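Student: One structure, pasted below without further comment.
There are 2 protein chains.
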Amino acid sequence: MHFQDADTTMINAALEKAWSAFTQYRNFTLAHRAQFMYAIAEEMDKDADQLVEAAMKETNLPEARLRNERTRTVFQLRSYADHAKSGHWLDVRIDTADNNRNPPKPDLRKTSVPLGPVVVFGASNFPFAYSTAGGDTACAFAAGCPVIVKAHPGHPVTSELVAKCIMRAAQRSEMPEGIFSHIHGRSFEVGKALVTHPRTCAVGFTGSYTGGRALFDWAAERKSPIPVFAEMGSTNPVFLLPKKLESDAAGIAKQLANSITLGVGQFCTNPGLMIAQEGPGLDAFISELSNSIRNIPGGKMLHEGIAQGYDERKQRALQQDGVTTIAETLVETEAQGKPVIATASAEAFHNNPVLHEEVFGPYSLIIRCRDKAEMTSVAAHFEGQLTATIYATDEELKEAMDLVDSVRQICGRLNFNGVPTGVEVALAMHHGGPFPSTTDSRFTSVGGDGIKRFVRPLSYQNWPDSLLPEELRDENPLQIFRTVNNKLTIDTVKRSQ
Amino acid sequence: MHFQDADTTMINAALEKAWSAFTQYRNFTLAHRAQFMYAIAEEMDKDADQLVEAAMKETNLPEARLRNERTRTVFQLRSYADHAKSGHWLDVRIDTADNNRNPPKPDLRKTSVPLGPVVVFGASNFPFAYSTAGGDTACAFAAGCPVIVKAHPGHPVTSELVAKCIMRAAQRSEMPEGIFSHIHGRSFEVGKALVTHPRTCAVGFTGSYTGGRALFDWAAERKSPIPVFAEMGSTNPVFLLPKKLESDAAGIAKQLANSITLGVGQFCTNPGLMIAQEGPGLDAFISELSNSIRNIPGGKMLHEGIAQGYDERKQRALQQDGVTTIAETLVETEAQGKPVIATASAEAFHNNPVLHEEVFGPYSLIIRCRDKAEMTSVAAHFEGQLTATIYATDEELKEAMDLVDSVRQICGRLNFNGVPTGVEVALAMHHGGPFPSTTDSRFTSVGGDGIKRFVRPLSYQNWPDSLLPEELRDENPLQIFRTVNNKLTIDTVKRSQ
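For the record, the sequence lines run as chains H and S.
Position 141 of the first sequence, counted from 1, bears residue number 153 in the working numbering, the numbering being contiguous throughout.
Position 402 of the second sequence, counted from 1, bears residue number 414 in the working numbering, the numbering being contiguous throughout.
And the structure:
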């Protein structure tokens, strides 16, 4: 099916409607916003089969994976709605007046207010969870912001169907017109027009470094710059300590082989680099991992461009000086997305920026190090990553705090003895690493704290109680924890006379 | 006294030392960081007279003001240290494992970690509170970041003396070498070299729009962009509703005359615009305000450049179409910083961007509106502001929620029946408005939450309890509130088996 690229008139109309919707929606109660989000989840539940069927046709992803992803998407909508409704995320602070002080101390009350219309770019690798009604859209609605989605051209029909669910939910929940718009666009001009539009207040994106960086630059060059939350590439390094490898080479190899090839390697947390110390543990691990990889078939990738990109980047990496291919799949069922493992010395890796780049697909490179010091030095020279992982015995970890310290500096999530794929939707999740893995390491795109991307604080000074937003009133009608005179409490505020 | 501009070698050395210090300081306990900050406050107390004397010579600011500002500065250091030590700001979230789920739910624990070396630019108008050991420096130290200060060329000797206090405190507190560096530089190349240095991780600045925007642009164009927290200009509009003016024209005029001329108008929260509705209340207010302004003398401004800038910008504003000067000081004591009040119609204001610009000094423009709708329309067209203020009776405010809604959208702090000058150092303070008043409306530069500018979240997944940072351990040794499985609590964490 063919969809017309949006032109300037359509983009202007969407943003002006969104602004008008914003002037109403920002004053809706948290409960009302949550009700809208629950309604979207319900509509997506009703259309579950149709949605999965459309996505199967457009993305080559298998049914089970897509059913899981759709389930995860409605879980996100519901859990972020729960979180939004609770009001804790508003980070309320209240400092009461002291009229006896000279000069008198004012009454100050701080809450969070929405930024304004948010533009969300659908992701190719998550047609549900990071696209039309995905994490960015859910967080923006929870924060009080209207959303304009640019459908990913890899799955425009799926995106249209999800957009219809949102529209039905908006109608049921009496949302203002313009609360949500759905736009198509293959050309980069559509993206640029959306990001540079004066009514756009923030941007969410999951995709390539090139794409994310372009959005970031356009946003920064605006007369009035806006935040861009772009999740870009990550190699998700896995550090393998020798005693742990010796104790369970086969088990770890199996875990990592599965993680590297999961979804044909098309996850942002795919482990693209493994760093280990020469020795019998590493030899055993390589042998086990090679056996596993040889027996895992390739698979159709998301679309032709991604499959070509994988082959090109993989070939380029494998042809670098000092890189040795050690295992490729031997299963001949699929011509695309063939798993491969290679090795290189720390020295070869260190001096070659090509080897630091992400190869999006089921590829992983093992960096052989002479000793722990060399592993730590490799860690210290990584660019920012979404995740990093350490496999070690408890004893080894205790003695590797230098390595841990270096690794911590480069990542947003630090795993122990487990694979980085599988991003739990939970409040304690941080999915956002230092640049270039994301454009803003201070915010997460997974978990309820993702709402904070789309708000800013606002303080009221000496404001009449009855005209304050609910969360700031003396009586604490939302019954949320608030920091009152530097103490966290759910108590009513007592004003001194 | 003349200080040499730092050259590339000096800047490199400062940043490399800062990075090396960072690898140690980031692991210091919160209590140790706080101890360092208390020590700085103590050293600044010991040298109080010498510091104030130096600042008087360099800035033309009167002794009482400088004594107050120094006192505020050590209060900031101590109160941010208290806040840092409490650990609440780490925003700890813990989600415990569930091994019975399929797939098993991991144990996730999120805390905040420091970004790295922070470059702070001293401010001309706050030689203590927003310069060498000012709010930005205090917040960076609290967050776990080393600091490189570029002294403001308007008060280099004061800056040197404060730097010595920090150095003595660093020695007493056994800080690593490089925890603090002090650099001079009149040329913009020094600023650019500091912001673009690969070891610099964040920037704090208080000053002009031109300066702040340049820093922001350099930071955004880096290979690896970094956050810039620049506080730039603000006209701090004051909306005056008619009944309130009728009820107390003289009282409000006196408050605003004082606020406009406080410190020769050299505060970022100086009220540069007043918006009111034509009528007897406004007539009375203008008459009272004019009388007050005529009797307030000018004053020496911070330095010659600022005095010239004030005269030029003031003249330019007063010469615009539709602008009428209504009162100037009649006190002939000082040739600089003469207070002046003018008026213009909403129409004249709306169509002329010159009148929207800040005039840094004791100048304010009254916008005459035909009715409340016109006031609301003026509000909706403002650029971002640090503060906005509404004077109204309770009854009027209740009926002006449209106006409030528009005003809220453009500011970081909303005052009721009080002047915007006087920025309380408190947790509930938000000092950071939408662009162009600051480069990042999501963060405050005043109050303990300012620490959050210099940290990012980090999640630990399935990490051994004994090797977690203190704040994440089951036993909660810091006794802080933590969100455990979506509930805020200070209880010990119980892991399910």
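Idealized CB from N, CA, C, for every residue including glycine.
Note that the structure is predicted; figures quoted are calculated from it, not measured.
1. If you draw a straight line from the alpha carbon of F138 of chain H to that of I272 of chain H, how long is it in whole angstroms?
2. Tell me which residues share the same chain as A205 of chain H and place their Cβ nearer than 7 Å to its Cβ, disregarding the 5 neighbours each side in the sequence.
3. Between E482 of chain S and chain H, is any beta-carbon pair separated by less than 7 Å?
4. Under 8 Å by Cβ, that's how I've got V437 of chain H and L426 of chain H pegged, so tell me the actual separation to the nearest angstrom.
5. Would you grab the beta carbon distance between L314 of chain S and I287 of chain S for me? Rounded to a whole angstrom, and I think it's under 8 Å.
6. Please report the residue range of the alpha helix (DSSP H) in which H362 of chain H lies.
7. From the DSSP output, in three-state form, read off L301 of chain H for me.
8. By how many angstroms is the C-alpha of R38 of chain H removed from the C-alpha of I298 of chain H?
9. Compare the C-alpha of V335 of chain S against each of S:N364, S:I308, S:T341 and name the closest.
10. Going by beta carbon distance, what residues of the same chain come within less than 8 Å of D57 of chain H, once the five residues before and after it are set aside?
11. Assuming contact is defined by CB atoms lying nearer than 7 Å, are L484 of chain H and F493 of chain H in contact in what I supplied?
12. Strictly below 8 Å CB to CB, what residues from chain S border V250 of chain H?
13. Cβ closer than 8 Å: which chain S residues qualify as neighbours of M441 of chain H?
14. Helix, strand or coil, according to DSSP, for Q332 of chain S in the structure here?
15. Only counting the same chain, and skipping five residues up and downstream in sequence, which positions put a Cβ closer than 8 Å to that of P530 of chain S?
16. Under 7 Å between C-beta atoms, does G430 of chain S make it to chain H?
17. Taking the alpha-carbon positions, what's the T399 of chain H to V435 of chain H distance?
18. Out of curiosity, what's the CA-to-CA distance linking V496 of chain H and F200 of chain S?
19. Anything in the region 385-414 of chain S with a Cβ closer than 7 Å to a Cβ of chain H? List those residues in chain order, please.
20. Taking G293 of chain S as the reference, give the member of S:R180, S:T405, S:P129, S:V467 with the closest Cα.
21. Going by DSSP, what residue range makes up the alpha helix (DSSP H) through D107 of chain H?
22. Report the three-state DSSP secondary structure of F138 of chain H (helix, strand or coil).
23. Could you check the C-alpha separation between Q289 of chain S and W101 of chain H for me, to the nearest Å?
24. Note down, in chain order, each residue of its chain lying with its Cβ closer than 6 Å to the Cβ of V174 of chain H, except the 5 sequence neighbours on either side.
25. Would you mind working out which of S:R82, S:A155, S:G291, S:T388 sits nearest C510 of chain S, comparing C-alpha positions?
26. Check the Cβ-Cβ distances between W101 of chain H and every residue of chain S, and say whether any is below 7 Å.
27. Find the residues of chain S that neighbour G424 of chain H, judging by a C-beta separation of less than 8 Å, and give them in chain order.
28. I think L166 of chain H touches E70 of chain H, with their Cβ atoms under 8 Å apart; what is that distance to the nearest whole Å?
29. Based on DSSP bridge pairs, tell me the residues matched to M286 of chain H.
30. So does the region 146-154 of chain S actually touch the region 455-469 of chain S, counting three or more Cβ pairs closer than 8 Å?
31. Using a C-beta cutoff of 7 Å, does A214 of chain S count as contacting chain H?
32. Pull up the CB-CB distance for Y403 of chain H and V250 of chain H, whole angstroms please, since I reckon it's below 8 Å.
33. Would a check of beta-carbon distances place R225 of chain S closer than 7 Å to chain H?
34. Using CA atoms only, rank isn't needed, just tell me which of S:T450, S:F428, S:E186, S:I160 is closest to K29 of chain S.
35. Of all the CB atoms in chain S, is at least one closer than 7 Å to the CB of N474 of chain H?
36. Kindly identify the DSSP beta-bridge partner or partners of P469 of chain H.
Tutor: Inspection of the coordinates gives the following:
1. 17 Å
2. T20, I23
3. no
4. Not quite, the Cβ-Cβ distance comes to about 18 Å (not below 8 Å), so this is no contact.
5. Contact flag wrong, Cβ pair sits at about 28 Å.
6. 358-362
7. helix
8. 55 Å
9. S:N364
10. V86
11. no
12. Ordered by position in chain S, no residue passes the 8 Å Cβ test against V250 of chain H, which lies about 13 Å from the chain.
13. D107, L120, K122, S471
14. coil
15. Coverage of chain S is limited to positions 13 through 509, which leaves residue 530 of chain S absent and any answer about it impossible.
16. yes
17. 10 Å
18. 43 Å
19. D406, L409, K410
20. S:T405
21. Counting along the chain, D107 of chain H falls outside any alpha helix (DSSP H), though it belongs to the beta strand (DSSP E) covering 105-107.
22. coil
23. 38 Å
24. T144, A145
25. Here chain S has residues from 13 to 509 only, and residue 510 of chain S is not among them.
26. no
27. R468, P469, L470, S471
28. Note on residue identity: the sequence assigns Gly, not Leu, to residue 166 of chain H. With a Cβ gap of about 7 Å, G166 of chain H and E70 of chain H count as contacting.
29. H:V250, H:I378
30. yes
31. no
32. 7 Å
33. no
34. S:I160
35. yes
36. H:S124
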